[in-house]
Structures are given as structure tokens and as C-alpha cells.
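Protein chains in written order, with the working numbering: chain A, 1 to 555; chain B, 1001 to 1350.
Yeah, the Cβ is synthetic: ideal placement off N, Cα and C, and Gly gets one too.
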């Protein structure tokens, strides 16, 4: 039975196309939902966009590279246009990477775009996660999206590593050699995993082809799927916003997608693309033709992994293998014979990564546990207003960066003319003690900044006008804040230390005691926001005597 | 559950309340009044912004043209390859960057200067509405009930058992990723053997020239491979990854030789595996004065005078020594294979 359901006749041709699409897809609902959706605007919200756009550029440039790259490890002799390597025996993979560089126009540019975009992709994700952490954006209801983000970071590192190894040049082969050594250190199954990965003994002739499949198919597919989940959750939750006048837990204040936000975000894609093109055009990266084909014998000193692998490599360097006569390689007798626990490789390869990643993934729940705060949060914390969290984050950064620096310990030694051994000793100390010192300093800095905020609210902003009184005393004139500026400084919550609470039977459980201990450690020192009464008191105080005194800290 | 959301901040008692007109609280003054931009007030400024944006878009067009010049113009001219590559890469980069940044910055400037900059507020909605949750739960209950999943325990348990073991073959399916067709023990045993054997000559890497004992001076270092390695047709790199050796000569008095190794050197000439016992990098740095070997990857340091014992860094055991002697022609040869596996340690090394 023929029946028209829509009698609307559009007047313009654009309208006719839109109507045609709508009648067949129902897209009008989508436009209605997203066309004027509000997004808060802040520079710190761009880091996630940087990562997303870098990923798109990775897909584009990577697809281009696959048209020319051949992941075969078959032996061949180079006869391309780079003269110094002519006649050298090498794998087909390395030869095709050289051919992309020298014999495909724009091939070198694409390789460099791909490499720079990869570095930026992981960097964008990392900084984005730091932003999310320090502003408390991971709190309910966004805990799961925080976890998805963490997995994305790990997959980004996996994508980077599998890609780094593909050209089969000396450096990437050496990177694989290190991975092989680390895998072999795994108890019981490590040796087998190494054989299975490499198709036999290292280096074999299978690994490049296998990594290629992981790099161009499996890993990017997982990343893409997770990105979709990540963004869908952002839509579901709506974006968080910084505290400010008019911003509440129940609304979202910002610009509509159409036109402002779409224009800014869309324009930003081109900016990221342009920046990467600029890097690829002007800054050389991974000049594989200098390194030569992979050969297990030579190695060049001063080699560095890509930045995001640095912390793991640094951990490997910092671990002592032998202390006096104690070797961390433990030979243990079992009924069936002797086996080796290679702790000098296992501990640094897995220990810091497990510690940092476990804390990262579970932090939303840890924080909820000791604060007992299970409410939804859509207003972000300014980092200073959550001293316990900011201090924890900075402690993590210091631990990470100690390892990261260690990946360049040899270059630090040669550039600054210090002993390599001393660099290692200092970085070992920095890795172990640094986080505690950083925690303490950061917490003090946060509390001081909060007190500074209090002072600004109570006594106004310094005007720079110095007034001499008839008695000859000098004082600076302070200008009271207007209601909007004041709101920015007083509208925050700080969790209060809640002592151990008895349960329904009136007993205080062991776990609750433990929670209270942690809560005390994290939350005891705090600064509360100024209340109107305090402001009133400050005003009358100032009226009576002109000298100032600092704000109180609650304990 | 639902009432904890957004709701009363005093709920847990754990948080300082803030916000909407509580006791002794500041009140939210609401969105600040909109301040007009210069482009809102002054039509000439708006016109100027329009021109700026147009120039940015034009820069993009120029960038695109530059790309074509770089790609085709420089493409296959007769310039020397290094120079050509550098020039072409730089210009393609510059062209692409201009093309992209022109569009991007232009659009952003358009949005910032000319599109409305009124902030708008939108309400957030309940994430999980209670009635929807109730309905979903009813549906799931019905599904479980109709499937009989809870009632038919025997079926359920055998199904769970079947599903639990069904993926295990997928794991073992990958056994032949190792292409050698060897059994587990033989597979691992490969790590114990290298190309070195009695009488195999030590030759230079990569030239393959044999080495006379008299060529090896005190303080010199030779990168060594076994004779015949370069001629291998299959698995050359695999053998090389295990067999590379460093050859050095020390005054015999400086060598601290342990019992059983007295005959492993030739008049102070010693051969050690070049593969680091940490994670397998080639140890390429020899400090002549201190007789230390340093791995450039993770800085493990081995003392040649103490049979390459680890004195610094992450390696866990000494470098394996290759016993050497001189053959009838005066060339250095191996006495046997290494007495222990070379390279990184592993579970079965024992």
C-alpha cells in the first residue's frame, strides 16, 4: 500500500538533499541531538583532541606506507639509489623501507609524519590523562572511561613498539633483542614465548611479518574500537567543566557544537596536521639509512628508545644486577633440576610498570574508598584544591621521570661530563626517595596556594597603590573582589578527614580503621573555602586595624 | 542509589558542603554578563578580522601549490640525491604545513572573532533513570526465567564446563609458531650450542680473515666470528647472534685466572662472548686502560681482569669465556664450544 509519510516539500536544493537523507536514515534526530549540544571550552581540554587527531593522521599516513612496505625478512642485496648501502646484504623489509625513503617521492615525508604523529599520539594521551587526573575528572560517573583511557595508553605504546621494529634496521633489531632478553627472563614459560614470538631462535625470519600484522591490523583495530567507546561515553556523561560562576553540577556551560565548537575542534584538526607536517618537513627522525641493516654484532652507543618506552628501558638500566657478591639472578634447586629466576630483569621490567599502572587504574576507587565520597562530580577540581591528589600525582610523575631520565643515563654522563655510575646512583635515589619528597613539597605548595586564595578573598587584590598615612606608615590599597571572581576562589569542596566509623553493630572493623588511617594521612591537612561570615569579619577587622594577618589552617 | 547522586552533599558527612545558598555559604552569582568583542562593536574590526581569515585561507592555497612544486618540480631533476631529498622533504613539509595551518587557524579565528561567543547552559540529565533500570531488570529476569538457565542446573553446569575448556585448544594452537618442529627440550637446548667447536678458527667480523696470535697486541680488541659463518646459507643471523666474540690481549700477570681455566688463554689473549648476559645487546665498548667491557644499551660493566665478572650495571652473571688455542699454522682456534649458554639468562639455564 503506497503511502507518503512525509508531505514536507523543501524549497532549496540543500533542503531537498537533507530531506532525502532524513527520510531514509532518520538523521534529523541526530542533528537535533548533537547540532547544538553544549561543550565547555578550556585550553586543557585540547590534549585529548591532539591524541585523537594524531591517531587519524597515523591511520592516513600508515595506510600510505603499507602500499610500499614489504615485511619480508628474506635476504637480498640492496641496489636502490642510496649509494653507501649498495651491495649490502639486508632483509627485504629494510630494503623496502629504504625504497620508501629514497625512491618514493614524499616517502621520507610520510615516514616522518608517521613517526612524529606516533610520538605526539602517545604524548597527547599522556598529558590528557594527567589533566584528567589532576582535575579529578575520573570521579563518578567517569571511572570506566578513565580505565578505557588507560588501556588506550597501553595500546598506544604497543602500537608504537610494534611499528618501531618494522624497518628492520640496526636500532630496531637491537630493540627486539632487548625484548627477547626480557621475555626470556619470565619464569617457566619465558623461553617458549620467545621461541614462539620469533618463530625459533632470535632473530629468525618471522618476527617482522608477525609484528606487521599486529601493527597494521590488530592493535589499530583495538585502538579504534576503544576510541569509539571512549567518545560515546563522553557524549553520555557530557563534558566536565571547570568551576566558575554559573557552572553547577547540574548544568554544562559552553559553546554549541554548531557552529562554534565544530569550527574550533575541526579547525584544530588541521592545526595538529599542520604542526606534524612542519615537524616532518624540518626535523629528521629515525634516519634508518645511517644505521644499516640489522646485524647482531655491531651496536652504536648513545641509542635511545622512543620517548614513551624510555621509562621501561630506564628501569632496566637502574636495576643492579649484582650487589657485592649477591646476584639477582637466583639459581633455585627444584626436584627436577635447577632453574633460574632472572630478578635483575624481571623486577625492573615488570615492577615499576605494574606499580604505576595498578595505581593508575585503581585510583578512582582508592580515592572513593578513603574519602567516602561516592557522589557524581561534573565540576572539576582546581589541582590546588585537592592537595592529596595533586601530591600523589606529582609523586607518580617524579617516579616515572626518574626512570625516564635513566634511559638517557649515558647521554647525561657524556653531555654533562659526569661519571656514568654516579648518574645511575643518583637516579636510583631519585626513583626511591623522589616520590616521597615530591609528595610532601607538592602538598605544602597546594596548601599555600589555597591560603593565598583565601587571603585574596578576605583582603582583596593588591592594587599596587601604596598609601602613606599621616603617621608616616605605608600600606598598600587592596581592592575587594567582585562576586564573579570571588566565586571562582570560594566555590570548591575539600574532603574532610572522617575518623573510623562504627558499622551497624556498633563495631569498628579492621578495614574501616585502615581506611581512617589513610584518610587521616591524605586529608588531615586542609584549607576550607572562605565563608561569608569570615569575609564579614575580615572587613570589620580591617576597619579596626590596618595590618593583616594570614589565614588560619584547620587541622 | 538514585538519591545519592548530585544530591545532598551532607549525605556522607565527608565533604564540606558548597554552593547553592546553604548555611554560611556564598551564593553563585550566575553566568557573568557577556562582554562584547571588538569585532561585535566595530564593523571595521569585523571587516579586518574577515580579511585576516581570508589571508590565512590564501596561505593554505599557496601551501598546496608549493606541495605540487616540491613533488613534481624537484622530483626527478638531476640534483644529487641527498640534497634533493632534503630539499624536497622540507618543501613538501612546508607546503603541507601551510595548507593545513592556513585552513585550521583560519577556521579557528573565524569561530573566535566572528561567530557568536555567548556562553550557553544546558541541563545535565540523570545518567541512570530508576524506571529504566527497573524495566531492564524485569527484562533480564524474564530472559533468565524463560531460558531456564537457573532452573536447569545440570544443563547450566555442563555448559559452563564446556565453555571453560573450549578455548584451551586456541592456546595450544600456537605451538607451531616455533617452526623448528623440535620437541620442547630440544627446542630449549638450542640455546646451549653455538657454531664454536674444537679447531674452528677465530676470524674477523665481518671480513672473515683469520687471526694470528702474533697479530694480537696488548690493548687491541678484535670483533670475532667463527670461520664459516659468512658462508652459511640458512640462519646466518641466528648463529651470529650467539657466536660473536671479543678478543683482547692483556699482560698475563693482570689476568686472575680461576682453577680449570688456566689453559683457556693463549699467552694473555682471551676470548669472551660479545653478547651481554643482561638482555643480549652486543658489548661494543672496551676501555683499554681499565680493561672494562661496557654494554652501550644498559651500561653493564664487566672486568676483563676478573674473567669478565659484573662490576656495575644490571647484568646478573659474568660473560662466558671461549677457550682458545693456536693451531699448527699459528692461527687462533677454539678449543671447544662455550661451556655455558651465552646471552641473556633464562628459566632453563640452571
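Since residue i and residue j should fall inside the 8 Å C-beta cutoff, what is the C-beta to C-beta distance between them, to a whole number of angstroms?
i: residue 563 of chain A; j: residue 58 of chain A; result: What is shown of chain A runs 1 to 555, which leaves residue 563 of chain A out entirely.
i: residue 1249 of chain B; j: residue 1216 of chain B; result: 5 Å
i: residue 1121 of chain B; j: residue 1031 of chain B; result: 7 Å
i: residue 84 of chain A; j: residue 170 of chain A; result: That pair is no contact at about 14 Å.
i: residue 198 of chain A; j: residue 185 of chain A; result: With a Cβ gap of about 15 Å, residue 198 of chain A and residue 185 of chain A do not count as contacting.
i: residue 122 of chain A; j: residue 308 of chain A; result: 4 Å
i: residue 410 of chain A; j: residue 1296 of chain B; result: 7 Å
i: residue 252 of chain A; j: residue 38 of chain A; result: 5 Å
i: residue 162 of chain A; j: residue 219 of chain A; result: 6 Å
i: residue 111 of chain A; j: residue 100 of chain A; result: 6 Å
i: residue 71 of chain A; j: residue 208 of chain A; result: 5 Å
With distance defined between alpha-carbon atoms, name the residue in the options nearest to residue i.
i: residue 408 of chain A; options: A/163, A/517, A/238 and A/306; result: A/306
i: residue 457 of chain A; options: A/322, A/436 and A/483; result: A/483
i: residue 462 of chain A; options: A/470, A/477 and A/453; result: A/477
i: residue 1307 of chain B; options: B/1257, B/1188, B/1282 and B/1284; result: B/1257
i: residue 1267 of chain B; options: B/1277, B/1251 and B/1259; result: B/1251
i: residue 141 of chain A; options: B/1140, B/1058, B/1124 and B/1157; result: B/1124
i: residue 154 of chain A; options: A/175, A/358, A/468 and A/527; result: A/358
i: residue 46 of chain A; options: A/12, A/507, A/394 and A/132; result: A/132
i: residue 1036 of chain B; options: B/1337, B/1116, B/1222 and B/1058; result: B/1116
i: residue 221 of chain A; options: A/237, A/174 and A/159; result: A/159
i: residue 1025 of chain B; options: A/530, A/322 and A/538; result: A/530
i: residue 493 of chain A; options: A/229, A/387, A/214 and A/103; result: A/387
i: residue 1224 of chain B; options: B/1041, B/1282 and B/1062; result: B/1282
i: residue 1205 of chain B; options: B/1063, B/1222, B/1213 and B/1199; result: B/1222
i: residue 338 of chain A; options: A/188, A/164 and A/21; result: A/188
i: residue 440 of chain A; options: A/521, A/364, A/378 and A/470; result: A/521
Going by beta carbon distance, what residues of the same chain come within less than 8 Å of residue i, once the five residues before and after it are set aside?
i: residue 380 of chain A; result: 135, 136, 137, 240, 241, 242 and 243
i: residue 1074 of chain B; result: 1084, 1087, 1088 and 1091
i: residue 56 of chain A; result: 269
i: residue 374 of chain A; result: 140 and 368
i: residue 1341 of chain B; result: 1191, 1192, 1320 and 1349
i: residue 506 of chain A; result: none
Assuming contact is defined by CB atoms lying nearer than 8 Å, are residue i and residue j in contact in what I supplied?
i: residue 487 of chain A; j: residue 1033 of chain B; result: no
i: residue 125 of chain A; j: residue 156 of chain A; result: yes
i: residue 10 of chain A; j: residue 93 of chain A; result: no
i: residue 384 of chain A; j: residue 489 of chain A; result: no
i: residue 319 of chain A; j: residue 355 of chain A; result: no
i: residue 1101 of chain B; j: residue 1049 of chain B; result: no
i: residue 343 of chain A; j: residue 328 of chain A; result: yes
i: residue 391 of chain A; j: residue 349 of chain A; result: no
i: residue 447 of chain A; j: residue 525 of chain A; result: yes
i: residue 68 of chain A; j: residue 96 of chain A; result: yes
i: residue 1247 of chain B; j: residue 1293 of chain B; result: no
Excluding five sequence neighbours on each side, which residues of the same chain lie with their C-beta closer than 6 Å to the C-beta of residue i?
i: residue 371 of chain A; result: 495
i: residue 194 of chain A; result: 180, 183 and 184
i: residue 280 of chain A; result: 109, 112, 113 and 116
i: residue 1045 of chain B; result: 1038 and 1039
Near residue i, what residues of its chain come up, given a Cβ to Cβ distance below 7 Å and the 5 sequence neighbours on each side ignored?
i: residue 1053 of chain B; result: 1106, 1109 and 1110
i: residue 1344 of chain B; result: 1277, 1278, 1279 and 1280
i: residue 1209 of chain B; result: 1203
i: residue 1062 of chain B; result: 1098
query = Are the region 256-263 of chain A and the region 133-143 of chain A touching by the rule of at least three beta carbon pairs closer than 8 Å?
reply = no
ask   = Using 8 Å as the threshold, is the region 1313-1332 of chain B in touch with the region 1256-1272 of chain B, meaning 3 or more CB pairs across them?
value = yes
request  = Would you check if the region 60-74 of chain A and the region 24-39 of chain A touch, i.e. whether three or more CB-CB distances between them fall below 8 Å?
outcome  = no
ask   = Would you call the region 276-293 of chain A and the region 415-431 of chain A in contact, with 3 or more CB pairs under 8 Å?
value = no
query = Is the region 1093-1109 of chain B touching the region 1123-1136 of chain B in the sense that three or more CB pairs, one from each, lie closer than 8 Å?
reply = no
ask   = Can we say the region 145-152 of chain A touches the region 1312-1331 of chain B, given the rule of at least three CB pairs closer than 8 Å?
value = Flag = no, the region 145-152 of chain A and the region 1312-1331 of chain B do not touch.
key: the region 1174-1185 of chain B contacting the region 1214-1231 of chain B, beta-carbon criterion three pairs below 8 Å   = no
query = Hey, is the region 188-202 of chain A in contact with the region 1234-1242 of chain B, meaning 3+ C-beta pairs nearer than 8 Å?
reply = yes
ask   = If we count Cβ pairs, one from each stretch, closer than 8 Å, do we get three or more for the region 390-407 of chain A versus the region 423-443 of chain A?
value = yes
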